[in-house]
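Visitor: Residue numbers (my numbering), protein chains in the order written: chain U, 1 to 343; chain V, 1 to 343. Got a structure for you, written out below as structure tokens; questions coming shortly.
Number of protein chains: 2
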Amino acid sequence: MKATLIYGAGDIRVEEVPDPKLENPTDAIVRITHSCICGSDLWPYKNREATEQGGRIGHEFIGVVEETGSDISRVKQGDVVVAPFFYADGTCEYCQAGLTTACPNGSAWGAETDGGQGEAARVPFADHSLMKLDVPVESELMPSLLTLSDVFGTGHHAAVSARVEPGKDVVVVGDGAVGLLAVLAAKRLGAERIVLMGHHKARTDLGREFGATDVVEERGEEGEQKVRDVLGTDGAHSTIEAVGYDQSLSTALNVTKPGGFVGIVGVPQSGTIPNAGRKFGANITIAGGIAPTQANMHELLPDVMDGKIEPGRVFDRTIGLDETPEGYQAMNDREALKVLVRP
Amino acid sequence: MKATLIYGAGDIRVEEVPDPKLENPTDAIVRITHSCICGSDLWPYKNREATEQGGRIGHEFIGVVEETGSDISRVKQGDVVVAPFFYADGTCEYCQAGLTTACPNGSAWGAETDGGQGEAARVPFADHSLMKLDVPVESELMPSLLTLSDVFGTGHHAAVSARVEPGKDVVVVGDGAVGLLAVLAAKRLGAERIVLMGHHKARTDLGREFGATDVVEERGEEGEQKVRDVLGTDGAHSTIEAVGYDQSLSTALNVTKPGGFVGIVGVPQSGTIPNAGRKFGANITIAGGIAPTQANMHELLPDVMDGKIEPGRVFDRTIGLDETPEGYQAMNDREALKVLVRP
Numbered sequence: 001m002k003a004t005l006i007y008g009a010g011d012i013r014v015e016e017v018p019d020p021k022l023e024n025p026t027d028a029i030v031r032i033t034h035s036c037i038c039g040s041d042l043w044p045y046k047n048r049e050a051t052e053q054g055g056r057i058g059h060e061f062i063g064v065v066e067e068t069g070s071d072i073s074r075v076k077q078g079d080v081v082v083a084p085f086f087y088a089d090g091t092c093e094y095c096q097a098g099l100t101t102a103c104p105n106g107s108a109w110g111a112e113t114d115g116g117q118g119e120a121a122r123v124p125f126a127d128h129s130l131m132k133l134d135v136p137v138e139s140e141l142m143p144s145l146l147t148l149s150d151v152f153g154t155g156h157h158a159a160v161s162a163r164v165e166p167g168k169d170v171v172v173v174g175d176g177a178v179g180l181l182a183v184l185a186a187k188r189l190g191a192e193r194i195v196l197m198g199h200h201k202a203r204t205d206l207g208r209e210f211g212a213t214d215v216v217e218e219r220g221e222e223g224e225q226k227v228r229d230v231l232g233t234d235g236a237h238s239t240i241e242a243v244g245y246d247q248s249l250s251t252a253l254n255v256t257k258p259g260g261f262v263g264i265v266g267v268p269q270s271g272t273i274p275n276a277g278r279k280f281g282a283n284i285t286i287a288g289g290i291a292p293t294q295a296n297m298h299e300l301l302p303d304v305m306d307g308k309i310e311p312g313r314v315f316d317r318t319i320g321l322d323e324t325p326e327g328y329q330a331m332n333d334r335e336a337l338k339v340l341v342r343p
Numbered sequence: 001m002k003a004t005l006i007y008g009a010g011d012i013r014v015e016e017v018p019d020p021k022l023e024n025p026t027d028a029i030v031r032i033t034h035s036c037i038c039g040s041d042l043w044p045y046k047n048r049e050a051t052e053q054g055g056r057i058g059h060e061f062i063g064v065v066e067e068t069g070s071d072i073s074r075v076k077q078g079d080v081v082v083a084p085f086f087y088a089d090g091t092c093e094y095c096q097a098g099l100t101t102a103c104p105n106g107s108a109w110g111a112e113t114d115g116g117q118g119e120a121a122r123v124p125f126a127d128h129s130l131m132k133l134d135v136p137v138e139s140e141l142m143p144s145l146l147t148l149s150d151v152f153g154t155g156h157h158a159a160v161s162a163r164v165e166p167g168k169d170v171v172v173v174g175d176g177a178v179g180l181l182a183v184l185a186a187k188r189l190g191a192e193r194i195v196l197m198g199h200h201k202a203r204t205d206l207g208r209e210f211g212a213t214d215v216v217e218e219r220g221e222e223g224e225q226k227v228r229d230v231l232g233t234d235g236a237h238s239t240i241e242a243v244g245y246d247q248s249l250s251t252a253l254n255v256t257k258p259g260g261f262v263g264i265v266g267v268p269q270s271g272t273i274p275n276a277g278r279k280f281g282a283n284i285t286i287a288g289g290i291a292p293t294q295a296n297m298h299e300l301l302p303d304v305m306d307g308k309i310e311p312g313r314v315f316d317r318t319i320g321l322d323e324t325p326e327g328y329q330a331m332n333d334r335e336a337l338k339v340l341v342r343p
């Protein structure tokens with residue numbers, strides 16, 4: 001079969017790889033019909049050291065079950081399923097608590113497993129890590145259902161971590177796909193005012209359609225002051241940080257009111273959280289992290305199936321598997337917000 | 001009257017200063033009977049630049065009301081009262097929510113106000129910022145009641161921020177007075193296992209008496225592994241960081257299990273929070289900050305009055321006001337854990 005590999009910064013290739021095979025009785029083989037490129041795929045695309053042997057990449061996919069191991073009972077051949085970007089065993093203490101990304105037997109795709117940007121994948125713990133979708137494979141809902149794998153589930157996790165509740169003010173820092181879907185998640189959870197900080201008009205326009213009541217284009221101190229002016233307060237009850245750079249983390253703390261909450265879902269790129277003086281002096285709680293979408297996709301599914309929300313609107317380009325290298329380039333150049341891949 | 005001033009690192013002097021006077025109808029004048037030296041007083045004692053004009057210092061005190069402004073109705077001349085280290089107006093949005101340290105009209109002592117290490121102080125918003133104590137001024141309860149001003153209230157805030165609950169595992173990083181009283185606070189809130197990380201035997205012995213079930217002397221990775229071994233888990237549900245150095249903050253995150261909580265009450269000295277990768281990967285929530293003791297002293301008072309708990313055991317030396325410079329030296333040299341000052 002064909003799959004996408006990364007050989008180093010800027011070096012994405014689509015190559016022939018061995019077909020996946022069942023290895024454990026809890027595995028399933030899934031023929032991938034829909035995949036996509038994640039903002040987090042751009043980190044290795046920007047920075048990864050060149051290697052002779054490439055590594056599989058991609059971690060969001062929908063597909064059709066092709067084969068199941070002997071212990072699998074919840075999904076069967078022919079089922080249309082979505083996989084979370086981090087699969088987990090579904091039975092450990094953390095999985096039971098809904099924190100599937102802490103499962104000691106779990107993993108993101110592409111490390112020692114198949115990647116999501118390929119024609120098929122071996123799925124461990126398939127009874128738990130696959131969620132069945134009662135739709136035909138060419139349903140118009142597919143882009144939105146694909147976001148349950150990672151990007152919408154991550155936006156939702158950000159909003160929950162930031163303690164978004166009905167009637168609360170929310171600031172979202174970052175107008176990438178996660179930030180925009182955090183707006184949608186905050187709206188879904190009942191936020192009253194949602195201020196989106198971003199300066200790409202096409203993106204912030206979509207953010208308004210998702211529920212942002214205000215957009216602040218400015219960055220740094222100027223942007224922070226504008227957020228407070230817009231809200232007419234010392235800052236928001238809940239702030240979502242969906243970038244991961246020091247400046248955006250610092251801004252997130254500065255636009256949160258004392259006693260408020262910051263939910264982070266952008267990996268802190270410097271390895272530290274800046275602006276600790278603000279965090280400490282204002283007793284701001286910093287929550288969030290790698291999102292347990294294997295758990296939260298079940299909560300989000302009904303609203304997507306009903307068509308109440310359309311998180312799939314973040315996809316603004318669809319390509320075939322062979323065009324994956326160009327898809328990375330387009331996202332890296334900010335020509336595309338998020339690219340859907342049809343293997 | 002006499003009061004303590006700091007002129008720079010290592011330069012503490014007791015000098016004549018003007019007597020305090022009522023300035024606002026919401027003020028009271030308090031004759032100070034008990035004060036003390038705080039671990040946080042040691043930061044300027046170690047680092048403050050030398051200045052020609054000294055600044056008032058000290059922020060924890062008990063005393064007797066000497067005079068009240070025309071708007072004061074809750075305390076009267078002759079009342080024995082304790083003041084929080086950060087006074088607040090008691091009426092703003094943040095005070096109403098119990099976060100008195102975010103009050104826009106509040107302040108710590110010693111900046112533009114009197115310090116706590118002196119013979120008397122003008123107390124703003126005295127109806128809210130003073131708590132009446134129904135005990136004679138020479139009561140044996142005084143050392144414990146004095147801890148409500150800051151150190152026990154801060155330990156309690158750490159435990160609440162770390163979401164200590166009945167039956168939970170707790171790690172306390174740091175065996176200073178705040179760390180030890182965080183142990184006591186965690187015990188009071190029903191923690192089951194309390195692991196104290198510290199290596200001063202006299203202090204950790206007191207920590208055991210306050211409720212620590214285990215002591216880990218080692219630091220760094222060795223200490224972190226030992227904590228996990230002691231608990232038999234991936235780490236504690238709740239960790240309290242009562243130091244503020246990068247190493248201790250990093251350790252606090254490493255000894256907390258995924259989905260757990262770190263409550264910080266040591267001011268982060270580097271201005272950043274390290275080990276953000278652990279925070280993010282394990283979805284650990286970082287809460288806490290400057291403690292609202294004006295609010296929480298009311299909750300803690302009954303157990304101190306009943307003698308159920310004796311937080312005042314952290315005081316291991318009592319001095320007169322003139323000996324304040326030696327008190328600082330003794331705490332800085334770790335000869336004394338916490339010094340009580342009797343003006």
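For each residue, glycine too, the CB sits at the ideal point set by N, CA and C.
Mark His156 (chain V) as exposed unless 16 or more other C-beta atoms lie within 10 angstroms of its C-beta, in which case mark it buried.
Guide: Here residue 156 (chain V) refers to the residue found at position 156 of the second sequence. Classification of His156 (chain V): buried, given that the 10 Å Cβ count is 16 or more.
Visitor: Within this structure, are the beta carbons of Glu66 (chain U) and Val30 (chain U) separated by less than 8 Å?
Guide: In the first sequence, counting from the first residue as 1, residue 66 (chain U) sits at position 66. In the first sequence, counting from the first residue as 1, residue 30 (chain U) sits at position 30. In this structure, Val30 (chain U) lies closer than 8 Å to Glu66 (chain U) by Cβ.
Visitor: Is there contact between the region 81-88 of chain V and the region 99-111 of chain V, where contact requires at least three CB pairs shorter than 8 Å?
Guide: In the pairwise beta carbon analysis, the region 81-88 of chain V is classified as touching the region 99-111 of chain V: at least three pairs are separated by under 8 Å.
Visitor: Taking all protein chains shown into account, decide if Lys21 (chain V) is buried (16 or more other Cβ within 10 angstroms of its Cβ) or exposed.
Guide: Taking the first residue of the second sequence as position 1, residue 21 (chain V) is located at position 21. Lys21 (chain V) should be labelled exposed.
Visitor: Output needed in chain order: residues of the region 259-289 of chain V with a Cβ under 8 Å from some Cβ in chain U.
Guide: So the list reads Gly259, Ile264, Val267, Pro268, Ser270, Gly271, Thr272, Ile273, Pro274, Asn275, Ala276, Gly277, Lys279, Phe280, Gly281, Ala282, Asn283, Ile284, Thr285, Ile286, Ala287, Gly288, Gly289, given in the order they occur along the chain.
Visitor: Taking buried to mean at least 16 other C-beta atoms within 10 Å of its own C-beta, is Asn47 (chain U) buried or exposed?
Guide: Translated into positions along the first sequence, residue 47 (chain U) becomes position 47. The residue is exposed, with fewer than 16 neighbouring Cβ atoms inside 10 Å.
Visitor: Counting only C-beta atoms, is Leu99 (chain U) closer than 8 Å to chain V at any point?
Guide: Within the first sequence, the letter at position 99 stands for residue 99 (chain U). Yes, Leu99 (chain U) lies at the interface with chain V (some Cβ there is under 8 Å from its Cβ).
Visitor: Only counting the same chain, and skipping five residues up and downstream in sequence, which positions put a Cβ closer than 6 Å to that of Asp316 (chain V)?
Guide: As a working note, residue 316 (chain V) is residue 316 in the second sequence. The residues are Ala336, Leu337.
Visitor: Enumerate in chain order the residues of its own chain whose CB-to-CB distance from Arg334 (chain U) is below 8 Å, with the five nearest sequence positions on each side excluded.
Guide: By one-based count along the first sequence, residue 334 (chain U) stands at place 334. Excluding positions up to five away in sequence, the list reads His200.
Visitor: Between V:Ala242, V:Ser270, V:Ile319, V:Gly277, which lies nearest to Asn254 (chain V) when the distance is taken from Cα to Cα?
Guide: Translated into positions along the second sequence, residue 254 (chain V) becomes position 254. Nearest of V:Ala242, V:Ser270, V:Ile319, V:Gly277 to Asn254 (chain V), Cα basis: V:Gly277.
Visitor: Go to Ser139 (chain U), then tell me how far its beta strand (DSSP E) extends in each direction, as first and last residue.
Guide: Locating residue 139 (chain U) in the first sequence gives position 139, counting from the first residue. Ser139 (chain U) -> no beta strand (DSSP E), and no H or E assigned at all.
Visitor: Using beta carbons (cut-off 8 Å, strictly below), is Ala102 (chain U) in contact with chain V?
Guide: If you number the first sequence from 1, residue 102 (chain U) lands on position 102. At least one chain V Cβ lies under 8 Å of Ala102 (chain U).
Visitor: So which residues on chain U does Tyr94 (chain V) lean against when the C-beta distance must stay under 8 Å?
Guide: Indexing the second sequence from 1 puts residue 94 (chain V) at position 94. The contacting residues are Pro258, Gly259.
Visitor: Between U:Arg74, U:Gly307, U:Ala120, which lies nearest to Lys2 (chain U) when the distance is taken from Cα to Cα?
Guide: On the first sequence, residue 2 (chain U) is found 2 positions in, with the first residue counted as 1. Answer by Cα proximity: U:Ala120.
Visitor: Report, in whole angstroms, the separation of the C-beta atoms of Val75 (chain V) and Leu133 (chain V), which I expect to be a contact under 8 Å.
Guide: By 1-based counting over the second sequence, the position of residue 75 (chain V) is 75. By 1-based counting over the second sequence, the position of residue 133 (chain V) is 133. Contact flag wrong, Cβ pair sits at about 10 Å.
Visitor: How should Thr51 (chain U) be labelled, buried or exposed, when 16 other C-beta atoms within 10 angstroms of its C-beta is the threshold for buried?
Guide: The residue you call residue 51 (chain U) lines up with position 51 of the first sequence. Flag for Thr51 (chain U) reads exposed.
Visitor: Take Arg208 (chain U) as the anchor and find which of U:Leu231, U:Val172, U:Thr233 has the nearest alpha-carbon.
Guide: Residue numbering aside, residue 208 (chain U) sits at position 208 when the first sequence is read from its first letter. For Arg208 (chain U), the nearest C-alpha among the options comes from U:Val172.
Visitor: Whose CA, out of U:Val262, U:Val183, U:Gly271, lies closest to the CA of Ile212 (chain U)?
Guide: Numbered from 1 along the first sequence, position 212 holds the residue referred to as residue 212 (chain U). The residue asked about is misnamed: residue 212 (chain U) is Ala in this sequence, not Ile. Of the listed residues, the one whose Cα sits closest to Ala212 (chain U) is U:Val183.
Visitor: Less than 8 Å between the beta carbons of Gly176 (chain U) and Gly55 (chain U), yes or no?
Guide: Walking along the first sequence from the start, residue 176 (chain U) turns up at place 176. Walking along the first sequence from the start, residue 55 (chain U) turns up at place 55. Contact: no.
Visitor: Provide the residue span of the beta strand (DSSP E) that contains Glu66 (chain U), from first to last.
Guide: As a position in the first sequence, residue 66 (chain U) is number 66, starting the count at 1. Looking at the DSSP string, the run of the beta strand (DSSP E) that includes Glu66 (chain U) is 61-68.
Visitor: Can you list the alpha helix (DSSP H) stretches of 4 or more residues lying completely in the region 250-314 of chain U, in chain order?
Guide: 276-281, 293-305
Visitor: With three or more C-beta pairs closer than 8 Å as the rule, is the region 233-247 of chain U touching the region 258-267 of chain U?
Guide: yes
Visitor: Report the option in V:Glu60, V:Ala291, V:Tyr94 whose CA atom is closest to the CA atom of Val341 (chain V).
Guide: By one-based count along the second sequence, residue 341 (chain V) stands at place 341. Comparing Cα positions, the closest option is V:Glu60.
Visitor: Expressed to the nearest angstrom, what Euclidean distance is found between the alpha-carbon atoms of Cys95 (chain V) and Leu231 (chain U)?
Guide: Position 95 of the second sequence, counted from the start, is the residue given in the question as residue 95 (chain V). Position 231 of the first sequence, counted from the start, is the residue given in the question as residue 231 (chain U). Using only the alpha carbons, I get a separation of about 20 Å.
Visitor: Could you pull out every residue in the same chain whose Cβ sits closer than 7 Å to the Cβ of Ser73 (chain V), ignoring the five residues on either side in sequence?
Guide: For the purposes of this step, residue 73 (chain V) is identified with residue 73 of the second sequence, where counting begins at 1. Contacts found: Asp127.
Visitor: Alpha carbon to alpha carbon, what distance is there between Ser149 (chain U) and Thr293 (chain U)?
Guide: Here residue 293 (chain U) refers to the residue found at position 293 when the first sequence is read from its first residue. Here residue 149 (chain U) refers to the residue found at position 149 when the first sequence is read from its first residue. Approximately 6 Å between the Cα atoms of the pair.
Visitor: If you compare alpha carbons, which of U:Thr256, U:Met297, U:Glu140, U:Pro311 is closest to Thr285 (chain U)?
Guide: Position 285 of the first sequence, counting from 1, holds the residue named residue 285 (chain U). Closest option to Thr285 (chain U), Cα to Cα, is U:Thr256.
Visitor: Alpha carbon to alpha carbon, how far is Ile57 (chain U) from Gly106 (chain U)? Give it in angstroms, no decimals.
Guide: Taking the first residue of the first sequence as position 1, residue 106 (chain U) is located at position 106. Taking the first residue of the first sequence as position 1, residue 57 (chain U) is located at position 57. Straight-line Cα distance between these residues: approximately 17 Å.
Visitor: Met197 (chain U) to Gln225 (chain U), Cα distance in whole Å?
Guide: As a working note, residue 197 (chain U) is residue 197 in the first sequence. As a working note, residue 225 (chain U) is residue 225 in the first sequence. If you draw a straight line from the Cα of Met197 (chain U) to the Cα of Gln225 (chain U), it comes to about 12 Å.
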